[in-house]
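**Student:** Before I ask anything, here is the structure I am working with.
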Amino acid sequence: MMYPFLTLDDSTEIVHSQTLQDGNVKVYIEKPDEKDGFHHATCFLPEYRWIDIFGFSDTDIQKYQKIIESTAHLIIRFAAEGGLENAAGF
């Protein structure tokens, strides 16, 4: 299950998984692109391990790394509690 977390002003979506059996949390980033359909990348917390990067530049990944680093404590908490809506009691 993937939970919505953040939509950036350029339509980039950041979603995350529940806490996985190995203790990691999968963070998936996707951005619509007219030419390629979607650009995407996956980051695993807590070690910030990036895989499956398509269409994003190194500069883009550095920007997303900073965003994820600044919100990782929330992502990890929400992953353990079933997403933002469950954590917030909605």
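Residues 566 to 655 in our numbering are what the sequence shown spells out, letter by letter. We treat Cβ as the ideally placed atom computed from N, Cα and C, and that holds for glycine. Source: prediction; values computed, not measured.
According to the neighbour-count rule (16 or more other Cβ atoms, all chains shown, within 10 Å of its Cβ), is Thr577 buried or exposed?
**Tutor:** Mapped onto the sequence shown, residue 577 falls at position 12. Buried.
**Student:** Using the C-alpha atoms, what's the distance from Gln630 back to Tyr613?
**Tutor:** Numbered from 1 along the sequence shown, position 48 holds the residue referred to as residue 613. Numbered from 1 along the sequence shown, position 65 holds the residue referred to as residue 630. Between Tyr613 and Gln630, the C-alpha separation is close to 8 angstroms.
**Student:** If you measure from the CB of Leu585, is any heavy atom of the ligand GTP nearer than 7 angstroms?
**Tutor:** This structure simply doesn't include the ligand GTP, nor any ligand for that matter.
**Student:** Specify, as a first and last residue, the run of the alpha helix (DSSP H) that Phe570 falls within.
**Tutor:** Walking along the sequence shown from the start, residue 570 turns up at place 5. Run containing Phe570: none in the alpha helix (DSSP H); it sits in the beta strand (DSSP E), 567-572.
**Student:** Is it right to say Gly588 is buried, meaning 16 or more other beta carbons lie within 10 angstroms of its own, or is it exposed?
**Tutor:** As a working note, residue 588 is residue 23 in the sequence shown. Looking at its Cβ environment, which holds fewer than 16 other Cβ atoms inside 10 Å, Gly588 is exposed.
**Student:** Just mark Lys596 as buried or exposed, buried being the case when its beta carbon has 16 or more other beta carbons within 10 Å.
**Tutor:** Against the sequence shown, residue 596 aligns to sequence position 31. Buried.
**Student:** For the segment 598-609 against the segment 567-574, do three or more pairs of beta-carbon atoms, one drawn from each stretch, fall closer than 8 angstroms, so that the two count as touching?
**Tutor:** Counting Cβ pairs under 8 angstroms, fewer than three are found: no touch.
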